[in-house]
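Position one of the sequence shown corresponds to residue 1 (the numbering used here), numbered consecutively onward.
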Amino acid sequence: MTVMSAGPQPALREARVPEGGMYEGERVLRRLPEGWEERPYERFEVVPQGRTIGAEIRGLSLARPLGDALREEVNRALLEWKVLFFRGQRLTSAQQRDFAGQWGELETNPLLAQGASEDVVRFDKGSGSTPTFENVWHADVTFRERPALGAVLQLHEVPPLGGDTMWADMAAAYDNLPQQVKDRVDGATAVHDFIPGFARFYPPERLVPLQDTFPPVEHPVVRTHPETGRRLLFVNTSFTTRITGMDREESDRLLRYLTQQAHVPEYQVRFRWQPGDVAFWDNRATQHYAVNDYAPHPRVAERVAIAGDRPYA
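What follows is the structure, given as structure tokens:
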């Protein structure tokens, strides 16, 4: 019997994708820190909206003081889910401030339009309005020495279509970095500055008087959450200008890669607003993106921010 030769095997042609991008593959989706004790909620219902981030809270009014035990349970939900949604609250500005104030000192922001008081920011969007921070992934005010702990946002007027907000879990973003990237960024610091973000929609003469008020600051590229101990990726497109100690080209390349991590759908939750809805997010653990797809319809919101601590590695 003659065995026929199979002949030469076909060779797979050489192909290479560009370095420094993000490609398909399994994601590690861990909602809670290692060793975290998960307990049932006793005072309200929690309805998950995403795998690692986002939960709707039902059976709770934010119009009244929470009290210590209820406040502790809401805070635990915030730490475990990173952004909480409360439907149909229809709070007054004073009630919104009082709710946020249960988490600490309220923040003022001279760069944004003011609402009923100096610690209420009003976003009144419509045809021809200043765009501010829409269509960009960012964490709030990381250009401050003490970036915001969190924020409470209420929608008063909602467009018929569009105007959603998205949040990304920056603990999941860090967990999924390749080990060689973690080795480069653990212990590194980055410069944050208010000018790049605000220069997109304000003229220089509006920003120059605030340069001394908000000088550039350095924060860890990877911060530790002060309450959960989670490692969190802490750079963003709006305010992070460079990684300390790297030349500009290397810093730009690495920052591009790191800021892309917020774009991964598995790390995200998306919320469709109705009038009177409230979102409360942990600014230490998340980035967010306001989707500007609703012109020419108006979208009116008010936000109260809570001052945070100095980030540490």
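Where is the CB? At the ideal position from N, CA and C, for every residue including glycine.
Nearest residue (CA-CA) to residue i, options the options
i      : options                           : result
ASP282 : THR213, VAL83, PHE99 and SER251   : VAL83
ASP193 : ALA113, PRO203 and PRO216         : PRO216
ALA188 : ARG223, PRO209, PRO203 and GLN154 : ARG223
GLU302 : PRO203, ALA116, ALA63 and ARG64   : ALA116
LEU66  : TRP36, GLY197, GLN102 and THR92   : GLN102
GLN154 : ARG206, GLU105, PHE86 and SER61   : PHE86
GLY21  : ILE53, VAL181, SER93 and PRO8     : VAL181
ARG230 : GLU250, GLU56, LEU79 and ARG39    : LEU79
ASN75  : GLU34, ALA148, GLU227 and ASP140  : GLU227
MET166 : LEU112, ILE53, LEU233 and ARG13   : ILE53
THR237 : ASP247, ASP252 and MET246         : ASP252
GLU250 : ARG184, TYR202 and ASP309         : ARG184
ASP186 : MET170, LEU233 and ALA15          : LEU233
PRO265 : MET170, GLN179, GLU105 and GLY7   : MET170
PRO48  : ASN292, ARG270, TYR289 and ASP119 : ARG270
GLU134 : ARG146, GLY162, VAL120 and GLN114 : GLY162
ALA295 : PRO160, ARG31, ALA151 and LEU106  : PRO160
Coarse secondary structure for residue i, derived from DSSP in three states
i      : result
GLU38  : coil
THR224 : strand
VAL120 : coil
ALA55  : strand
PRO259 : With the sequence shown as reference, residue 259 is identified as Thr, and Pro is not the correct amino acid for it. Helix, per DSSP.
PRO96  : According to the sequence displayed, residue 96 carries Gln and not Pro. If DSSP states are grouped into helix, strand and coil, GLN96 belongs with the helices.
PRO18  : coil
VAL141 : coil
VAL46  : strand
VAL181 : helix
In DSSP terms, what residue i is bridged to
i      : result
PRO196 : None; PRO196 has no bridge partner.
TRP167 : VAL269 and HIS288
ASP282 : GLY150
ALA301 : PHE123 and LEU155
GLN9   : Partner(s): none; GLN9 has no beta bridge.
THR189 : PRO220
GLN114 : VAL121
Within-8 Å CB hit, residue i to chain D
i      : result
SER238 : The structure shown contains no chain D, having only a single protein chain.
Beta-carbon contacts of residue i that lie in its chain and below 6 Å, excluding the five residues immediately before and after
i      : result
ARG43  : LEU70 and GLU73
GLY276 : GLY88, GLN89 and ARG90
GLY126 : PRO298
ARG51  : LEU29
ASP124 : VAL300
TYR267 : ALA168, ASP169, ALA172 and ALA173
ARG242 : VAL191 and SER251
Residues of its chain near residue i, where Cβ-Cβ distance is below 7 Å and the 5 sequence neighbours each way are ignored
i      : result
ARG272 : ASP164
VAL235 : ALA190, VAL221, LEU255, LEU258 and THR259
GLN261 : ALA173 and LEU233
Proximal residues to residue i (C-beta, below 8 Å), its chain only, five neighbours per side dropped
i      : result
THR244 : ALA188, THR189, ALA190, VAL191 and GLU218
GLN274 : ARG87, GLY88, LEU155 and VAL158
ILE28  : The displayed chain sequence assigns Val, not Ile, to residue 28. Only ALA172, ASP175 and ASN176 meet the Cβ criterion.
THR240 : THR142, ALA190, VAL191, HIS192, LEU255 and THR259
LEU210 : PRO110, LEU111 and PHE194
GLY35  : none
Give the list of continuous beta strand (DSSP E) stretches no shorter than 3 residues that lie fully inside the segment 227 to 251.
Scanning the segment 227 to 251 from its first residue to its last, the whole beta strand (DSSP E) runs of 3-plus residues come out as 231 to 233 and 240 to 243.
Whole beta strand (DSSP E) elements within the segment 63 to 109, 3-residue minimum:
For the segment 63 to 109, whole beta strand (DSSP E) runs of length 3 or above, ordered along the chain, are 83 to 86.
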